[in-house]
Ligand code: FAD
């Protein structure tokens, strides 16, 4: 019998445990699985609050419906009838003091159709002319990696980048675009530039055409009707509670011949033949403290974010805007970085006659925000929201959530860094697999895909 340990009960660790159990069953593998989670709950960054008929996400709320690893897992768990698409509606960008509609016919802020851009108030004439130079600016020289921000600035100029592309993209990573790695985030843009010499041309050639019909198109995101945490609850049920130990952290791992001695926070030592480490990368420094390699974990920095959900009676919101929310460009005098009108984008989350607004603060330009008290954060958010809306009266309640130093940043050279770590693991710590949001994608579907891949690698390792 082989002992397999999975460390971390976020979506990556839970997915690993689920797929490993499936493999054990299908192939009758002689494995004994244990998952340990440091805190007293599963889910990691996934957490849903149910209060007074509202469903409020503290962490992730949705994923792109075309991301198959998440849909496949949800199918396998029998939760497909829980999937709900977002109500499609106008999204906005706040630049200066004004809300602008995101021009249609674009992909991640990059124009595919010229007309909506020419008529958009988001950029001045100079900005539009500079962006159109993408057609003629020569392709950059082939290179292993470069900064995402500099890449886009070279193609489109600063105005399009700062007023549109950056607010859309940095929301995903809570990162500074000028520091982020192109190849670890959107390698496809690099390949389009190399192949077509222009991103606009490349997208025009490769993206499906926007339907001409005036009918509303289905939303492109999925959420789970009962909240994201319902995925965690179902995973726990199907993995089996006997496999999972809560409030049990891994403090240290030492290789002794072919077995790993894992020191747990309850003082016991677990002997593992193979291990999946599905924790944020910063834990590696402690658990592998005798390996100098992981003294460099800070080469993957983390940023901090917080979000504030405010629940209201409809009548307290005197001036509401038409749409699903907005993101804020860094050229605006706002502290919030985005706000989702959740009751509109996700009507299933909010009882009739109520309003749910979820605003975000923090990120690389405002690391202090997470240190504010709940009351201060609510005031910061209300002050900014009232610049474009008119909210009177007290909220019914608020939910404030902080993620301090928990958003991994894929900076330039990220892929190379991870490659070095992985080859070190293969040589010095064979049978230990690093997986999760710190490595090959931060989105929940990416984490699911990585959890599944870690299981294949582990089974392969044991059978070799
Ligand atoms: P985590 O969720 O961080 O889980 C790691 C687990 O390891 C934790 O439970 C931790 O307690 C445990 N652990 C740590 N150290 C130890 C130890 N020594 N021993 C045992 N256990 C340990 N993604 C999307 O796709 N869509 C979204 O809408 C979206 N929105 C987001 C909004 C916010 C505010 C945040 C913070 C993230 C969002 N994301 C979104 C990203 C996504 O939620 C995360 O990248 C993903 O959930 C990370 O999962 P994980 O399992 O890799 O890590």
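In my numbering, the protein residues as written are 64 to 527. No residue lacks a Cβ here, since even glycine has one placed at the ideal position from N, Cα and C. Model, not experiment: these values are computed from the prediction.
Inset, instruction - Look at the alpha carbon of residue 252 and the alpha carbon of residue 262, and state the distance between them as a whole number of angstroms. - result: 7 angstroms
Inset, instruction - Spatial neighbours of residue 305 within its chain, please: CB distance less than 7 angstroms, with the 5 preceding and 5 following residues excluded, ordered by chain position. - result: In its own chain, leaving out the 5 sequence neighbours on each side, no residue places its CB closer than 7 angstroms to the CB of residue 305.
Legend entry - Whole-angstrom distance between residue 95 and residue 86, CA atom to CA atom: 12 angstroms
Legend entry - Helix, strand or coil at residue 286 [DSSP, three-state]: In the structure shown, the three-state DSSP call for residue 286 is strand.
Inset, instruction - With hydrogens ignored, establish whether the beta-carbon of residue 341 is closer than 7 angstroms to any heavy atom of the ligand FAD. - result: Indeed, a heavy atom of the ligand FAD lies less than 7 angstroms from the Cβ.
Legend entry - Sub-8 angstroms separation of residue 419 and residue 371 beta-carbons: No Cβ-Cβ contact shorter than 8 angstroms links residue 419 with residue 371.
Legend entry - Touch test, the segment 492-501 against the segment 458-467, Cβ-Cβ under 8 angstroms, three pairs minimum: no
Legend entry - Identity of the residue in 288, 159, 425, 140 nearest residue 124 by Cα: 288
Legend entry - the segment 367-383 touching the segment 191-210, judged by at least three CB pairs closer than 8 angstroms: no
Inset, instruction - Excluding the 5 residues preceding and the 5 following residue 336 in the sequence, name in chain order all residues of the same chain whose CB lies nearer than 8 angstroms to its CB. - result: 65, 66, 67, 321, 322, 323, 494, 525
Inset, instruction - Out of 415, 248, 110, 169, state which residue places its alpha-carbon closest to the alpha-carbon of residue 122. - result: 110
Inset, instruction - Starting from the C-beta of residue 348, find all residues in its chain whose C-beta is less than 6 angstroms away, skip the five residues before and the five after it, and write them out in chain order. - result: 357, 360.
Legend entry - Local Cβ density within 10 Å of residue 276, reported as buried at 16 or more and exposed below that: exposed
Legend entry - residue 157 and residue 395 closer than 8 angstroms at C-beta: yes
Legend entry - Status (buried if at least 16 other CB within 10 Å, exposed otherwise) for residue 353: exposed
Legend entry - Runs of beta strand (DSSP E) wholly within the segment 250-305 (minimum 3 residues, chain order): 284-287
Legend entry - Distance between beta carbons of residue 333 and residue 325, contact taken as under 8 angstroms: Confirmed, about 4 angstroms.
Legend entry - Euclidean distance between Cα positions of residue 281 and residue 413: 20 angstroms
Legend entry - Per-residue burial, residue 256 [other beta carbons within 10 Å of its own, 16 or more giving buried]: buried
Legend entry - Residue nearest to residue 184 in terms of C-alpha spacing, selected from 496, 515, 166: 166
Legend entry - Member of 170, 171, 164, 198 whose CA lies at the smallest distance from the CA of residue 186: It is 164 whose Cα lies nearest to the Cα of residue 186.
Inset, instruction - Return the chain-ordered ranges of every beta strand (DSSP E) run that is complete within the segment 380-441 and spans a minimum of 3 residues. - result: 380-382, 388-391, 401-404, 417-425
Legend entry - Close Cβ partners of residue 265 (< 6 angstroms) along its chain, the five nearest in sequence each way excluded: 255, 259
Inset, instruction - May I ask which residues mark the beginning and end of the alpha helix (DSSP H) holding residue 189? - result: 188-195
Legend entry - Whether residue 384 touches residue 455 by CB criterion (8 angstroms): no
Legend entry - residue 358 - partner residues in DSSP beta bridges: Per DSSP, none; premise fails for residue 358.
Inset, instruction - Sort 223, 400, 292, 409 by Cα distance to residue 142 and report the nearest one. - result: 292
Legend entry - Exposed unless 16 or more other CB atoms sit within 10 angstroms - verdict on residue 178: exposed
Inset, instruction - Specify the secondary structure class of residue 472 as computed by DSSP and reduced to three states. - result: In this structure, residue 472 counts as coil in the three-state DSSP scheme.
Inset, instruction - Examine the ligand FAD and report whether any of its heavy atoms sits within less than 7 angstroms of the Cβ of residue 510. - result: Yes; taking the cut-off as 7 angstroms, the Cβ of residue 510 has a heavy atom of the ligand FAD nearer than that.
Inset, instruction - Can you tell me the Cβ-Cβ gap for residue 238 and residue 427, rounded? I've got them flagged as a contact below 8 angstroms. - result: 6 angstroms
Legend entry - Outcome for residue 93 when other beta-carbon atoms lying within 10 angstroms are tallied against a minimum of 16: The C-beta of residue 93 has fewer than 16 other C-beta atoms within 10 Å across all chains shown, which makes the residue exposed.
Inset, instruction - Evaluate contact between the segment 468-485 and the segment 398-405, counting only Cβ atoms and requiring at least three cross-stretch pairs below 8 angstroms. - result: no
Inset, instruction - Can you give me the Cβ contacts of residue 140 inside the same chain, cut-off strictly under 6 angstroms, excluding the 5 residues immediately before and after it? - result: 297
Inset, instruction - Note down, in chain order, each residue of its chain lying with its Cβ closer than 6 angstroms to the Cβ of residue 478, except the 5 sequence neighbours on either side. - result: 246, 247
Legend entry - DSSP three-state assignment for residue 102, whether helix, strand or coil: coil
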